[in-house]
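Chains as they are written, first to last, in this note's numbering: chain B, 37 to 282; chain L, 22 to 330; chain X, 28 to 315.
Idealized CB from N, CA, C, for every residue including glycine.
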Amino acid sequence: MTTPLLELRNVSRRFGGLSAVKNVAFAVGNGEILFLIGPNGAGKTTVFNLVSGFLHPDEGSIHLEGRDISGVAPHEAARLGIGRTFQLVKPLSGLTVRENVMLGAFMHTASADRAAAEAGEILTFLQMEHLAAQPARGLPLAVLKRLELARALATRPKLILLDEIVSGLTSGEAVTLAGLIQRLPERGVSAVGGVEHMMQVVMKIAHRLVVLDHGVKIAEGKPADVVRLPAVIEAYLGPKYRELAQ
Amino acid sequence: MSSLRGWKPWALAAAVLACGSLALVARNDYLLQVLFRIVLFAGLGLAWNLVGGFAGQLSLGHAAFFGAGAYGFALLSAASTPRWVALFLAAVVAAAFAGIIGRIVFRLRGPYFTLATIAFAEVLRLSVTNLKLTGGAIGLSTPALFSGRSTWGMLYLSAIALAVTAFVINVYVARSRFGYYLMAIREDEETASAVGIDTASYKLRSLLISAFLTALGGALYGSAFQFIVPDSVLTIDISLQMAIVTMLGGAGTLYGPVVGAIMLLGAAEVFKNQFQESHLLVYGILIVLVVLFLPEGVVGGLQRRFGGR
Amino acid sequence: MIVFFQACLNGLLTGALYALIGMGLALIFGVMRIVNFAHGAFLMVGMYVSYVLFDHFGIDPYLGFIAAGLFLFLFGQLIYRFLIRPVRDRSDFMQILMTTGIALILTDGAQLIFGADYHQVNIPLVNRTLRFGAFAATAASLLSFVIATVLIAGLYLFVTRSLTGQALRAIAQNIEVAQLVGIDVTRIQGLSFCLGIALAGIAGGLLLPALYLFPSVGDDYTLKAFVMVVLGGMGSIEGAALGGLLLGVSESLTSLYLGNQWALAVDFAVFLVVLSLKPSGILGRQRT
Numbered sequence: 037m038t039t040p041l042l043e044l045r046n047v048s049r050r051f052g053g054l055s056a057v058k059n060v061a062f063a064v065g066n067g068e069i070l071f072l073i074g075p076n077g078a079g080k081t082t083v084f085n086l087v088s089g090f091l092h093p094d095e096g097s098i099h100l101e102g103r104d105i106s107g108v109a110p111h112e113a114a115r116l117g118i119g120r121t122f123q124l125v126k127p128l129s130g131l132t133v134r135e136n137v138m139l140g141a142f143m144h145t146a147s148a149d150r151a152a153a154e155a156g157e158i159l160t161f162l163q164m165e166h167l168a169a170q171p172a173r174g175l176p177l178a179v180l181k182r183l184e185l186a187r188a189l190a191t192r193p194k195l196i197l198l199d200e201i202v203s204g205l206t207s208g209e210a211v212t213l214a215g216l217i218q219r220l221p222e223r224g225v226s227a228v229g230g231v232e233h234m235m236q237v238v239m240k241i242a243h244r245l246v247v248l249d250h251g252v253k254i255a256e257g258k259p260a261d262v263v264r265l266p267a268v269i270e271a272y273l274g275p276k277y278r279e280l281a282q
Numbered sequence: 022m023s024s025l026r027g028w029k030p031w032a033l034a035a036a037v038l039a040c041g042s043l044a045l046v047a048r049n050d051y052l053l054q055v056l057f058r059i060v061l062f063a064g065l066g067l068a069w070n071l072v073g074g075f076a077g078q079l080s081l082g083h084a085a086f087f088g089a090g091a092y093g094f095a096l097l098s099a100a101s102t103p104r105w106v107a108l109f110l111a112a113v114v115a116a117a118f119a120g121i122i123g124r125i126v127f128r129l130r131g132p133y134f135t136l137a138t139i140a141f142a143e144v145l146r147l148s149v150t151n152l153k154l155t156g157g158a159i160g161l162s163t164p165a166l167f168s169g170r171s172t173w174g175m176l177y178l179s180a181i182a183l184a185v186t187a188f189v190i191n192v193y194v195a196r197s198r199f200g201y202y203l204m205a206i207r208e209d210e211e212t213a214s215a216v217g218i219d220t221a222s223y224k225l226r227s228l229l230i231s232a233f234l235t236a237l238g239g240a241l242y243g244s245a246f247q248f249i250v251p252d253s254v255l256t257i258d259i260s261l262q263m264a265i266v267t268m269l270g271g272a273g274t275l276y277g278p279v280v281g282a283i284m285l286l287g288a289a290e291v292f293k294n295q296f297q298e299s300h301l302l303v304y305g306i307l308i309v310l311v312v313l314f315l316p317e318g319v320v321g322g323l324q325r326r327f328g329g330r
Numbered sequence: 028m029i030v031f032f033q034a035c036l037n038g039l040l041t042g043a044l045y046a047l048i049g050m051g052l053a054l055i056f057g058v059m060r061i062v063n064f065a066h067g068a069f070l071m072v073g074m075y076v077s078y079v080l081f082d083h084f085g086i087d088p089y090l091g092f093i094a095a096g097l098f099l100f101l102f103g104q105l106i107y108r109f110l111i112r113p114v115r116d117r118s119d120f121m122q123i124l125m126t127t128g129i130a131l132i133l134t135d136g137a138q139l140i141f142g143a144d145y146h147q148v149n150i151p152l153v154n155r156t157l158r159f160g161a162f163a164a165t166a167a168s169l170l171s172f173v174i175a176t177v178l179i180a181g182l183y184l185f186v187t188r189s190l191t192g193q194a195l196r197a198i199a200q201n202i203e204v205a206q207l208v209g210i211d212v213t214r215i216q217g218l219s220f221c222l223g224i225a226l227a228g229i230a231g232g233l234l235l236p237a238l239y240l241f242p243s244v245g246d247d248y249t250l251k252a253f254v255m256v257v258l259g260g261m262g263s264i265e266g267a268a269l270g271g272l273l274l275g276v277s278e279s280l281t282s283l284y285l286g287n288q289w290a291l292a293v294d295f296a297v298f299l300v301v302l303s304l305k306p307s308g309i310l311g312r313q314r315t
C-alpha cells in the first residue's frame, strides 16, 4: 500500500455559519489525474485553497506524500510541490509571457538566464514558444489559461491544481488543452482539476472523479461509473431524474 | 528586462564623470548647493523606487528613515563617534528600525499600509519633537563632513556617490530574481505566493535596503546644513517629495527617479519665488496631472511609446 | 474618579462630531471603495467656509455649518466628475496619490488665500458652561453634540429607510449585482462622495468654535477618519459612528493622562491594534 501523493482526511472548513466543505476525504496517487466535479458553490475552489495553503482547515488534515501540510503558508505549499492555477486568470500583466513563466522557474534557480531557459522549455511543451516575448496584457483567454499552467509547471510541482482550467474555452481549445494536461504525468506531475460540468474532455482524460455537492462528497470513482450514479444525477438534474438511472 | 550592456555602461559612466567634474568647474557655492539637492533627491528617489516602484508598495513615510539617518548621525557624532562611522552606523540603525516597522506595516493592505507608514513617520516626528535628547523642536547641530573652501563641491560629489550606488543597486535588482519577485508582488501578491514567493520576506528586504540608502541621504543632508529640526527632516514633505520625484519620472524604471529629480527640483529652482510660497500646491497639481495623464511617469510613458525597456 | 468621567463626557461630546467625519468617510470608502486621503482637507474647507461666513457676515457657525455642508456637496460634484471618477476603477495606489494631490492643492490653496495665520472664532456660547451635578459642559459643545446627533440619526434613517439609501447599501455589498438590478451606480456613487465630504465639511463648521483654524488643521483628521472606519468595520456606517465616539473618548482620556501631544500617537496605536486583532472591526462583516 503506497502512500498516496495527496490525501485529504475528513477536511472541513466553515465560513461564518456556512460549511463550505464538510468531512471531505479523498486521495490522489502518483501519476493520477483526478477531477473534482460540482456546481458553483460545491466547494471545489475551497478544496483547492485548502490544499495550496490559502485557507486552513477547521477540522481534518491534508497530507502530501504522507506529511501533514494542513496550515502551511501558500508559498510554503508551493515550495513543497503544490502548484496551482486560479479560476480567475491572473497574468502578471506588466511582464511578458516568458517573464511570467520565469517567475515559477525562479523557485529552483536564482539565475535569470537559467530561469529563461526553463521557461522556454515549458513554453515549447505547451506550444506557446512563439508568444514568449509578448506582454501578458491583452492576450486571449485560451492563451492566458495556458500561461497559468506554464507558470505553475515551471515550479516543478509534484501535484498541480487546475481550477476551472477549461472553462470559458471553445471546445476546440478545451480539447487541445486537455491533451496537454493528459501528458502531465509523463513529466512527473499529477493533477487535480475542478470543473462545474461533466464535460466530455474531462471524461476522457480523468482517471477518477470526485463529485461534490454543497461541500460534501457524494461520489467517487471512474468517470463512466460515477456518471450513472443516481445520487450524482439527482444532484445535477434534480430528484425527478433519479428514476432515469434505475 | 532592462539590460545594461554594450554602450550603455560607458555612456552612463561618462555622464557621471561629467556631472562630477561640475564640482571642479563651478565656483559658485550656491549652484553647487542646488546641484547637491537635485542629485540627493535623485538618489532618494532611486531608494524609494525599490519599495514604491518595483515592489509597488506606496510608502509615504520614508521621511522616518531620512530623519533617522540625520538624527542618528547627529547623536552618534555627539557621542564621539568618528563622523564617517557615525554616518554608516546611523544608516544601519535606520535599517534596523525599518525591519521592525516593516514587520508590522507590511501585514496591512492598500490604504491601511500607506496610512500606517504616514503614521509611523508622524509618531517619530512627534517623539523627536517632544524629547529632550533629540533637542526637541529647537533641533540639533550636525557635524560637517567636510571643511574648507570646497565643502559644497565635496558634498555634491558625495551625493553623486550615493545616487550612483542607489542606481547600481536598482540595476542589480531589476535584472535579478529579487527584482522579478518584487514585481510579482507588485502585480498580484496571491499569485506571487502561489509560485513560492515569501512575499512578506521580500517586501521587508526591499524596505531594509531602501531605508539604509534613505538614511545615508538624510545624514548627508544633515551634515550639509549643519543643523536639523524635526520639521526639516521628518515631515511628510520629504516623504511626498521622494514619492513624487519617482512617480513623475516613472516608478519601477531605472532612469525615472533621476529624470524626476531633475525635473521637479530643477523647476523648483527656476520658479523659486513662486514655488517657495506654494510648493505644495505645485506638488499637488503635479500629482493630479501625473495620475490623470501620465501614470507611468515621463520615462515610463516614453518606454511604452517607443518600445523596449 | 469624577475627572475620569468628565473626560469621558468631553470625549463623547467631541465624539459625536468625529462620528460625522467617520460616517462621511465610510460612505466614500465603504460604498465606493475610494481611498480618500483628502477627507481631512475637505473638513478644513468646511471650517474656512464657516469662518468666512462668520467673519464677513456675522453668521454663527451653528448656522453656518449648513452652508459649509452645501458648499462641499456642490464642490464635490466637480471633484467627483473630473478627478475621482477617472480613478474610480484604478488601483488603491493611484487613488491615494490622486486624493493626496487634491489634499495638497486644497491645503496650500487655503494658505494662499487666507494666509498661514491661525484664526479663532469667539462665540459667547463657548464660554457659557452648564453644570449637571458634578459634571460640566460648555453650551457650545452641547449644542454641537445635539446637532451632530440629529444629523447622525438622519443619516442612519436615510441609509436604512430611503430608496437611495438602500441603493447605496446594495452597491456597498455587491456592485455587480447592484448594476444588474438597474441601479445607476455612477450617479449613486457620485452622491455618496458628495454626501461624504459634505459631512466632513459640516463637522468642520461645527468644530470651528472649538479649534484654532489654519490651513493644515485637517491633516490629522484623515488618519482619524480611517481609524474610525477601521474600528467600526468596513462597510458599516453605524460602525464608523461608533468608532467616532470611541475615538473621541480615547483621545480625551489620552489628553488627561498623557498629555495632548500624544493623542495622535494613541490614535495610531488603536489603529494598529484593531487591524492586527480584529481586522473586520467591531461591527464589521467579513468581506466576501
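Leaving out five residues before and five after residue i in sequence, what residues of the same chain have Cβ atoms less than 7 Å from its Cβ?
| i | result |
| --- | --- |
| L15 of chain L | With chain L covering 22 to 330 only, the question about residue 15 of chain L has no answer from this structure. |
| G73 of chain L | L79, S80, A264, T267, A272 |
| N66 of chain B | L41, S226 |
| A39 of chain L | none |
| N37 of chain X | S279 |
Enumerate in chain order the residues of its own chain whose CB-to-CB distance from residue i is below 6 Å, with the five nearest sequence positions on each side excluded.
| i | result |
| --- | --- |
| F90 of chain B | P110 |
| G270 of chain X | G49, M255, L258, G259 |
| I259 of chain L | A84, F87 |
Would you kindly report the start and end of the unbroken alpha helix (DSSP H) that includes residue i?
| i | result |
| --- | --- |
| K251 of chain X | 246 to 259 |
| E135 of chain B | 133 to 141 |
| T121 of chain B | Taken as a continuous stretch (DSSP letters only), T121 of chain B belongs to no alpha helix (DSSP H), being part of the beta strand (DSSP E) at 118 to 121. |
| N85 of chain B | 80 to 87 |
| K181 of chain B | 177 to 189 |
| D82 of chain X | 66 to 84 |
| V208 of chain X | That residue, V208 of chain X, is in no alpha helix (DSSP H); it is neither H nor E in DSSP. |
Whose Cβ in chain X lies nearer than 7 Å to the Cβ of residue i?
| i | result |
| --- | --- |
| L313 of chain L | P113 |
Can you list the residues of chain L that residue i reaches, using a CB-CB cut of under 9 Å?
| i | result |
| --- | --- |
| M125 of chain X | I308, V309, V312, L313 |
Just mark residue i as buried or exposed, buried being the case when its beta carbon has 16 or more other beta carbons within 10 Å.
| i | result |
| --- | --- |
| H92 of chain B | exposed |
| A146 of chain B | exposed |
| Q313 of chain X | For Q313 of chain X, the predicted model reports a pLDDT of 45, less than 50, meaning its position is unreliable and no value from the coordinates is stated. |
Which of helix, strand or coil does DSSP assign to residue i?
| i | result |
| --- | --- |
| R115 of chain X | coil |
| N201 of chain X | coil |
| A47 of chain L | coil |
| P242 of chain X | helix |
| D149 of chain B | helix |
| A89 of chain L | helix |
| T13 of chain X | Since the first and last residues shown for chain X are 28 and 315, residue 13 of chain X lies out of range. |
| I249 of chain L | strand |
| T256 of chain L | coil |
| R226 of chain L | helix |
| F292 of chain L | coil |
| K29 of chain L | helix |
Give the range of the beta strand (DSSP E) segment to which residue i is assigned.
| i | result |
| --- | --- |
| I98 of chain B | 95 to 100 |
| S48 of chain B | 42 to 51 |
| K58 of chain B | 54 to 64 |
| F71 of chain B | 69 to 73 |
| K253 of chain B | 252 to 257 |
| G230 of chain B | 226 to 231 |
| L129 of chain L | Taken as a continuous stretch (DSSP letters only), L129 of chain L belongs to no beta strand (DSSP E), as it is neither H nor E. |
In chain L, what lies closer than 8 Å to residue i by C-beta?
| i | result |
| --- | --- |
| L128 of chain B | M204, A205, E208, D209, T212 |
| D211 of chain X | The premise fails here: D211 of chain X is roughly 24 Å from chain L at the closest Cβ pair, so nothing lies under 8 Å. |
Return no unless some Cβ of chain D is closer than 7 Å to the Cβ of residue i.
| i | result |
| --- | --- |
| L228 of chain L | No chain D appears in this structure, whose protein chains are B, L and X. |
Using a Cβ cut-off of 9 Å, pull out every chain X residue sitting near residue i, in sequence order please.
| i | result |
| --- | --- |
| G41 of chain L | Those do not exist, as G41 of chain L stays about 34 Å from chain X at its closest Cβ, beyond 9 Å. |
Excluding the 5 residues preceding and the 5 following residue i in the sequence, name in chain order all residues of the same chain whose CB lies nearer than 8 Å to its CB.
| i | result |
| --- | --- |
| R108 of chain X | G217 |
Could you tell me which chain B residues have their CB closer than 7 Å to the CB of residue i, listed as they occur along the chain?
| i | result |
| --- | --- |
| V216 of chain L | A114, L139, G140, M143, R187, T191 |
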